[in-house]
Amino acid sequence: MKPSIDSAAKLAAQEAIAALQSSYLDPEFSAAVIKWQKQHGRHSLPWQQTQDAYRVWLSEIMLQQTQVTAVIPYYQRFLQSFPDVFALAAAPSEEVMAHWAGLGYYTRARNLHQCAKQVVEKYQGKFPADTTLLQQLPGIGRSTAAAVSAFSYGTIAAILDGNVKRVLARVFAIDGYPGSKPIEDAMWLRAQALLPQQDIEAYTQGLMDFGATLCTRSSPSCERCPLQARCLAFAQQRTAELPVRKPKKVQKHKQALMLVLIHEGQVLLEQRPDSGIWGGLLSLPEIGGMRELQATEVLAMTDQLAQAHSFFERFGEVTQMLTLPDFSHVFTHFKLQVTPLRASIATRHAMVAEARYVWTDMAQIQSAALPAPIKSLLLSLA
DNA sequence: TAGCCGTGGGT
DNA sequence: TACCCAAGGCT
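So the first sequence is numbered by UniProt numbering: it starts at 1 and just counts up by one.
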């Protein structure tokens with residue numbers, strides 16, 4: 001059997017990558033990180049001092065694109081309600097979503113719940129140590145699989161998060177936006193090549209602590225940096241321009257009319273679909289959804305008000321309608337301007353036959369599965 | 001592949 | 001104010 005051209009080319013490419021990766025080998029790098037971590041790293045975060053894979057995994061999912069200070073209270077409340085993977089797997093999804101509300105990226109919460117169920121069913125409640133198996137679970141990608149396995153089981157595997165990208169971009173003066181595919185691929189090779197043979201926990205934690213406390217985005221503490229002598233960005237005085245920032249795009253603006261119907265201490269909420277913004281959360285009913293604001297478009301406010309009025313009438317006899325002050329909320333890729341429209345009704349009609357509408361006690365708002373700005377609006381009305 | 005997905009903090 | 005972006009993954 002003679003190899004095809006394709007497989008020969010593929011083999012050559014793999015050899016080239018292996019050669020490149022071995023040229024990245026650098027044992028002193030990890031030694032410096034490990035030494036620094038033991039002396040100056042963080043050691044008392046709530047999810048440290050344990051190798052319980054459930055706790056490690058929970059923290060890693062919560063920490064995706066989310067800062068430590070934001071995660072801590074959510075992590076504590078979560079553990080209190082769901083002390084182990086069996087408790088989480090058995091919980092109703094509404095309860096899980098309510099515990100996640102306010103933390104953002106709500107797909108993480110649904111994946112977390114699904115993942116817990118799979119770990120119980122497939123692995124008898126024990127997270128696998130193999131990063132390949134971990135990656136097959138929902139919500140766990142390459143980096144999270146490596147972190148969970150390293151912290152729980154001591155597996156030698158590379159992470160590549162924002163901290164590591166920043167450190168690598170600076171120490172090795174890597175040009176190009178780290179979010180782009182070719183740069184990220186190159187960084188994975190580096191991260192893999194730089195792995196130590198032992199002390200993987202200290203090394204992994206050290207990279208993150210290093211990026212979070214020393215090699216920060218702006219004004220890094222180069223004077224205290226153990227890698228200063230080997231940092232190309234420092235030598236070239238380019239720490240301010242590396243890593244290369246994300247190419248900016250024009251911000252989109254959207255507008256939404258949200259309906260506030262409060263009657264006898266209850267507010268009318270609507271269950272949002274699982275996909276899209278605020279997926280799976282409760283929110284206020286909207287007229288026409290979140291509409292992109294066109295420069296030429298004059299909002300047909302009277303038309304929207306008419307629609308709102310007939311919406312309110314489905315729930316009771318409308319006695320009053322008034323707009324509350326506008327507010328805006330910024331997402332990753334658009335800015336939303338909200339006009340809340342409040343109505344009063346005399347008597348409440350029998351519940352409309354759509355399960356997505358729920359009357360919720362105002363006293364329950366604090367613990368409801370609501371997006372942060374909506375929860376805050378409703379609390380201000382209570 | 002790059003766009004989508006929240007929220008809060010820093011500058 | 002406006003912008004960047006953080007312990008990323010999914011499509």
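Note that the Cβ used here is the ideal one computed from N, Cα and C, for glycine as well.
Minimum Cα-Cα distance from glutamate 264 among the listed residues Gln192, Ala355, Gly316 corresponds to Gly316. When the five nearest sequence neighbours on each side are left out, the beta carbons in the same chain lying within less than 6 Å of the beta carbon of glutamate 60 are those of Thr144, Ala147, Val148, in order along the chain. Pairwise C-beta distances place the stretch 326 to 343 out of contact with the stretch 237 to 244, as fewer than three of them are shorter than 8 Å.
Around tryptophan 36, the same chain offers Gly206, Phe210, Pro226 as residues with beta carbons nearer than 7 Å, after the five sequence neighbours per side are excluded.
In the three-state reduction of the DSSP assignment, glutamate 264 falls in the coil class, being assigned neither a helical nor a strand state. In the displayed model, tyrosine 357 falls within a strand according to three-state DSSP. Of the residues assessed, arginine 108 falls on the buried side of the cut-off, its CB having 16 or more other CB atoms within 10 angstroms. Contact between glycine 288 and glutamine 304 holds: their C-beta atoms lie close to 7 Å from each other, under 8 Å.
Sixteen is the threshold: when 16 or more other Cβ atoms of the shown chains lie within 10 Å of the Cβ of leucine 269, as they do, the residue is buried. Between alanine 150 and leucine 168, the gap from beta carbon to beta carbon reaches 8 Å or more. Here threonine 339 carries a strand assignment [DSSP, helix/strand/coil]. If the five residues before and after arginine 272 are omitted, its C-beta is found closer than 6 Å to the C-beta atoms of Trp278, Leu281, Ser283, all from its own chain and listed in chain order. Within the stretch 269 to 318, the complete beta strand (DSSP E) runs of at least 3 residues fall at 286 to 292. Arginine 291 has its alpha-carbon roughly 14 Å from the corresponding atom of histidine 329. In this structure valine 85 is in contact with valine 120, their Cβ atoms being roughly 6 Å apart against a cut-off of 8 Å. Histidine 43 sits exposed, since fewer than 16 C-beta atoms from the chains shown fall within 10 Å of its C-beta. A direct Cα-to-Cα measurement between isoleucine 200 and histidine 253 gives close to 45 Å.
Closest in C-alpha terms to phenylalanine 29, from the list Gln197, Ala350, Ile72, Val68, comes Gln197.
Burial check for valine 250: the Cβ neighbour count within 10 Å stays below 16, so the residue is exposed. For phenylalanine 334, the three-state secondary structure derived from DSSP is strand. Looking from the CA of phenylalanine 78, the closest CA among His349, Ala98, Val68 belongs to Ala98. In the structure shown, lysine 122 adopts helical secondary structure according to DSSP, grouped into three states. The beta carbon of lysine 375 lies closer than 8 Å to those of Ala101, Gly102, Ile365, Gln366, Ala368 in the same chain, with the five residues before and after it left out. The beta-carbon separation of threonine 360 and glutamine 266, rounded to 6 Å, stays under the 8 Å limit for a contact. When secondary structure is reduced to three states using DSSP, serine 44 falls in the coil class, being assigned neither helix nor strand. Cα atoms of lysine 38 and alanine 372: separation of roughly 38 Å, rounded to the nearest angstrom. Distances from the alpha-carbon of alanine 158 to those of Arg110, Lys126, Met208, Phe127 put Met208 closest.
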